[in-house]
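Visitor: Below you'll find the structure I mean.
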Ligand code: FE
Ligand code: CA
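In our numbering, the protein residues as written are 1 to 529.
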């Protein structure tokens with residue numbers, strides 16, 4: 001029998017009085033007593049409302065963000081009425097949701113596309129939980145999540161995967177099919193969660209509109225991407241943390257400089273729409289909610305005393321790419337001290353955080369390749385060739401960061417990177433042109449979930465492979481495979497396994513480990529396993 005929403009709210013409120021079922025004092029039901037005027041009393045859906053699944057994110061020792069969005073018709077505006085809707089949620093310590101530790105009600109605001117963001121707190125540190133949403137008698141799938149260990153806890157192991165670049169048309173998400181079966185504490189997404197472009201006739205599946213620029217079009221695009229069953233499975237399996245890159249807004253944009261000819265005014269409006277819709281679809285805290293054309297995404301997550309992740313945003317605050325964003329020899333602008341990937345404020349936040357960190361491993365999770373790579377070191381492209389959209393276009397700021405790492409020596413710096421749709425390992429050198437110079441950190445670049453490496457992957461890979469010997473700090477390169485990187489951290493070692501799938505052109509695939517690299521505590525630079 002379906003209960004009315006009023007009945008559900010009443011029963012939730014009754015439960016809330018003593019609120020807890022089970023042990024432990026729980027806090028954090030922020031929504032009580034804050035009902036908006038126009039919450040629907042009765043909810044009828046034209047179809048199942050949880051088409052986009054559930055997700056959790058940004059774990060803290062006492063809580064995590066739980067997410068869903070009510071969207072019976074996700075490719076056509078969502079299919080919801082104009083009113084806000086109250087949604088119930090349940091958190092338990094078992095997959096069958098028998099041992100309930102928390103129940104409450106949250107609002108799915110119409111103004112935020114009926115997305116739900118619940119910042120639960122009062123949970124136990126370092127523990128796995130299961131959760132589910134319910135509205136109008138309809139239940140969401142059950143998601144699994146995990147809180148962070150208590151601050152300073154001596155952790156023996158932490159396992160996570162990082163991923164990026166999931167162009168929908170170019171392939172199926174077989175990487176997520178397999179990632180969902182891993183044993184992980186966290187997933188980190190480094191951007192290009194959607195692609196904004198129009199319809200390709202050559203892919204295995206198609207986008208649902210021309211290039212997206214409006215609120216409605218971005219929503220329908222996320223609706224398409226988030227309908228994917230493998231992506232939903234990976235979200236339901238682990239908490240994630242995110243940053244974005246360019247395609248969540250516009251290819252290779254920088255600050256307020258778009259890719260194509262758009263007026264600054266139009267691009268600001270576009271950034272505002274893209275930012276709002278990004279927040280609507282991610283399990284982000286309210287502190288990351290879009291304010292106009294800005295969305296605060298750089299933030300820090302810690303797991304015991306073992307690892308701290310500094311998650312960067314290198315798009316919103318960056319200065320324009322030098323040399324007209326061309327691929328080739330560098331121009332003077334590449335060395336400009338004023339050029340920045342992060343803006344001053346974010347850079348200061350990063351350096352002060354690294355400076356006071358007591359974590360064994362200090363991660364900088366960000367978007368484009370940090371280490372130098374001269375693509376011109378081959379017979380195919382003689383002469384210098386650098387990618388101006390990467391840190392090779394922002395040499396002075398990179399030098400400042402590297403000098404900081406050498407001078408202040410935060411423990412075991414590890415840079416994680418996406419964007420380039422291929423797998424790499426680099427030693428981060430104080431002077432990339434001098435192999436004898438000091439190594440101050442290690443960079444792992446993860447391949448794409450599904451995006452293509454330069455169209456003709458065999459050809460692009462051969463071209464880049466030929467340049468690798470001329471870049472001796474580059475320990476590994478592969479452009480042929482799609483997948484993700486699984487990292488296992490202990491106090492003594494960091495191991496990165498490049499997990500690759502057998503195909504993205506079919507709906508299901510096998511996963512295998514292409515290569516593994518280890519960093520020893522106190523010894524920057526990666527060794528093959
Ligand atoms: Fe990409
Ligand atoms: Ca990108």
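Every residue gets a Cβ at the ideal spot worked out from N, C-alpha and C, and that includes glycine.
(1) What I want to know is whether the C-beta of residue 247 ends up closer than 7 Å to one or more non-hydrogen atoms of ligand 1.
(2) Is the beta carbon of residue 227 closer than 8 Å to that of residue 72?
(3) Of the residues 307, 431, 443 and 315, which one's Cα is nearest the Cα of residue 416?
(4) Looking at the unbroken alpha helix (DSSP H) that takes in residue 126, where does it start and where does it end?
(5) Hey, would you say the C-beta of residue 454 is under 7 Å away from at least one heavy atom of ligand 2?
(6) Report the rounded CA-to-CA distance for residue 115 versus residue 466, giving the unit in angstroms.
(7) First and last residue of the alpha helix (DSSP H) that includes residue 270?
(8) Thinking C-alpha only, which one of 54, 169 and 523 is nearest residue 452?
(9) Taking 8 Å as the threshold, find out whether the stretch 375-388 comes into contact with the stretch 324-337 through three or more Cβ pairs.
(10) Residue 117: which of 87, 141 and 102 sits nearest, CA to CA?
(11) Distance, Cα to Cα, residue 358 vs residue 441?
(12) Are the CB atoms of residue 253 and residue 315 nearer to each other than 8 Å?
(13) Check whether the Cβ of residue 421 sits closer than 7 Å to any heavy atom of ligand 1, and report yes or no.
(14) Taking DSSP's pairing of strands, which residues face residue 342 in a bridge?
(15) Could you pull out every residue in the same chain whose Cβ sits closer than 8 Å to the Cβ of residue 524, ignoring the five residues on either side in sequence?
(16) Verify the contact flag: residue 191, CB atom, against every heavy atom of ligand 2, threshold strictly below 7 Å.
(17) For residue 123, I'd like the list of residues in its chain whose CB is within less than 6 Å of its CB, leaving aside the five on either flank, ordered along the chain.
(18) Note down, in chain order, each residue of its chain lying with its Cβ closer than 6 Å to the Cβ of residue 24, except the 5 sequence neighbours on either side.
(19) Going straight from the alpha carbon of residue 100 to that of residue 94, what length do you get?
(20) Thinking just about the alpha-carbon of each residue, which of 70, 57 and 54 is nearest to the one in residue 47?
(21) Specify the secondary structure class of residue 31 as computed by DSSP and reduced to three states.
(22) Please tell me whether residue 298 and residue 277 are closer than 8 Å, where the distance is taken between their beta carbons.
(23) Are the stretch 200-210 and the stretch 166-181 touching by the rule of at least three beta carbon pairs closer than 8 Å?
(24) Around the C-beta of residue 356, are 16 or more other C-beta atoms found within 10 angstroms, so that it is buried, or is it exposed?
(25) Can you tell me whether residue 291 is buried or exposed? The criterion is at least 16 other CB atoms within 10 Å of its CB, across all chains shown.
(26) Could you check how far apart the C-beta atoms of residue 219 and residue 78 are, in whole angstroms? I think they sit under 8 Å.
(27) Across the stretch 463-482 and the stretch 124-144, are there enough close Cβ pairs to call them in contact, namely three or more that are closer than 8 Å?
(28) Give the single residue among 76, 400 and 90 whose Cα lies nearest to the Cα of residue 54.
(29) Judging by CA-CA distance, which residue of 491, 421 and 529 is the nearest neighbour of residue 484?
(30) Return the Cβ separation of residue 231 and residue 176 in integer angstroms, given the expectation that the two are a contact with Cβ distance under 8 Å.
(31) Using CA coordinates, which residue listed in 463, 491, 120 and 264 is at the minimum distance from residue 379?
(32) Could you pull the DSSP bridge partners for residue 78 from this structure?
(33) Taking all protein chains shown into account, do 16 or more other C-beta atoms lie within 10 angstroms of the C-beta of residue 513, making it buried, or fewer, making it exposed?
(34) On the CB-based measure, 16 or more other CB atoms within 10 Å of its CB, does residue 528 come out buried or exposed?
(35) For ligand 1, is there any heavy atom lying closer than 7 Å to the beta carbon of residue 450?
(36) Measuring straight from C-alpha to C-alpha, what distance separates residue 180 and residue 236?
Guide: Reading off the structure:
(1) Within the chain shown, the letter at position 247 stands for residue 247. Because some heavy atom of ligand 1 lies under 7 Å away, the Cβ of residue 247 counts as near it: yes.
(2) Translated into positions along the chain shown, residue 72 becomes position 72. Translated into positions along the chain shown, residue 227 becomes position 227. Contact: no.
(3) By 1-based counting over the chain shown, the position of residue 416 is 416. Closest by alpha carbon: 443.
(4) The residue given as residue 126 occupies position 126 in the chain shown. Annotation: residue 126 is outside any alpha helix (DSSP H) and is labelled neither H nor E by DSSP.
(5) As a first step, residue 454 is located in the chain shown; it is residue number 454 there, counting from the start. Incorrect: residue 454 has no Cβ contact closer than 7 Å to ligand 2.
(6) Against the chain shown, residue 115 aligns to sequence position 115. Against the chain shown, residue 466 aligns to sequence position 466. Residue 115 and residue 466 have their C-alpha atoms some 48 Å from each other.
(7) Within the chain shown, residue 270 is the residue found at index 270, counting from 1. 264-281 is the span of the alpha helix (DSSP H), which, as asked, contains residue 270.
(8) As a position in the chain shown, residue 452 is number 452, starting the count at 1. Answer by Cα proximity: 169.
(9) The stretch 375-388, when compared against the stretch 324-337, does touch it at the 8 Å Cβ threshold.
(10) Taking the chain shown and counting its residues from 1, one reaches residue 117 at position 117. Selection 87, 141 and 102 evaluated against residue 117 yields 87 as nearest (Cα-Cα).
(11) Position 358 of the chain shown, counted from the start, is the residue given in the question as residue 358. Position 441 of the chain shown, counted from the start, is the residue given in the question as residue 441. Take the alpha-carbon of residue 358 and the one of residue 441: they are about 17 Å apart.
(12) By one-based count along the chain shown, residue 253 stands at place 253. By one-based count along the chain shown, residue 315 stands at place 315. Between residue 253 and residue 315, the gap from beta carbon to beta carbon is short of 8 Å.
(13) Here residue 421 corresponds to residue number 421 of the chain shown, with the count starting at 1. It does: the Cβ of residue 421 is within 7 Å (strictly closer) of some heavy atom of ligand 1.
(14) As a position in the chain shown, residue 342 is number 342, starting the count at 1. Under DSSP, residue 342 takes part in no beta bridge, so it has no partner.
(15) Within the chain shown, the letter at position 524 stands for residue 524. Here the set comprises 412, 413, 427, 428, 439, 440, 441 and 442.
(16) Numbered from 1 along the chain shown, position 191 holds the residue referred to as residue 191. Within the cutoff, so yes.
(17) The residue given as residue 123 occupies position 123 in the chain shown. Excluding the 5 residues flanking it on each side, residue 123 has same chain C-beta neighbours closer than 6 Å at 62, 63 and 147, in chain order.
(18) Translated into the one-based positions of the chain shown, residue 24 becomes position 24. With a pLDDT of only 29 at residue 24, under the threshold of 50, the placement of this residue in the model should not be trusted, and no figure is reported.
(19) Within the chain shown, residue 100 is the residue found at index 100, counting from 1. Within the chain shown, residue 94 is the residue found at index 94, counting from 1. Each residue's alpha carbon lies about 8 Å from the other.
(20) Mapped onto the chain shown, residue 47 falls at position 47. Considering only alpha carbons, the answer is 70.
(21) Mapped onto the chain shown, residue 31 falls at position 31. Caution is warranted here: a pLDDT of 41 is assigned to residue 31, below 50, making its placement in the model unreliable, and the coordinate value is therefore given only provisionally. DSSP places residue 31 in coil when its eight states are reduced to three.
(22) Residue mapping note: residue 298 aligns to position 298 of the chain shown, counting from 1. Residue mapping note: residue 277 aligns to position 277 of the chain shown, counting from 1. Not a contact, by the Cβ cut-off of 8 Å.
(23) Contact between the stretch 200-210 and the stretch 166-181 is present, because at least three Cβ pairs lie under 8 Å.
(24) Taking the chain shown and counting its residues from 1, one reaches residue 356 at position 356. Burial is judged here by how many other beta carbons sit within 10 angstroms of a residue's own beta carbon; residue 356 has fewer than 16 and is exposed.
(25) Counted from its first residue, the chain shown places residue 291 at position 291. Its Cβ having fewer than 16 others within 10 Å, residue 291 is exposed.
(26) By one-based count along the chain shown, residue 219 stands at place 219. By one-based count along the chain shown, residue 78 stands at place 78. Right, the Cβ-Cβ distance comes to about 7 Å (below 8 Å), so this counts as a contact.
(27) Inter-segment contact for the stretch 463-482 and the stretch 124-144 is absent: fewer than three beta-carbon pairs are separated by less than 8 Å.
(28) Your numbering for residue 54 matches position 54 in the chain shown. Of the candidates 76, 400 and 90, the one whose C-alpha sits nearest the C-alpha of residue 54 is 90.
(29) As a first step, residue 484 must be located in the chain shown, where it is residue number 484. For residue 484, the nearest C-alpha among the options comes from 421.
(30) Taking the chain shown and counting its residues from 1, one reaches residue 231 at position 231. Taking the chain shown and counting its residues from 1, one reaches residue 176 at position 176. Contact flag correct, Cβ pair sits at about 5 Å.
(31) In the chain shown, the residue the question calls residue 379 occupies position 379. Per the Cα distances, 463.
(32) For this step, residue 78 is matched to residue 78 along the chain shown. For residue 78, which the question treats as bridged, DSSP gives the partners 73.
(33) Locating residue 513 in the chain shown gives position 513, where the first residue counts as 1. By the neighbour-count rule (16 or more Cβ atoms within 10 Å), residue 513 is not buried but exposed.
(34) Within the chain shown, residue 528 is the residue found at index 528, counting from 1. Exposed, because fewer than 16 other Cβ atoms sit within 10 Å of the Cβ of residue 528.
(35) Indexing the chain shown from 1 puts residue 450 at position 450. For ligand 1, not one heavy atom lies less than 7 Å from the Cβ of residue 450.
(36) Position 180 of the chain shown holds residue 180. Position 236 of the chain shown holds residue 236. Residue 180 and residue 236: Cα-Cα distance of roughly 8 Å.
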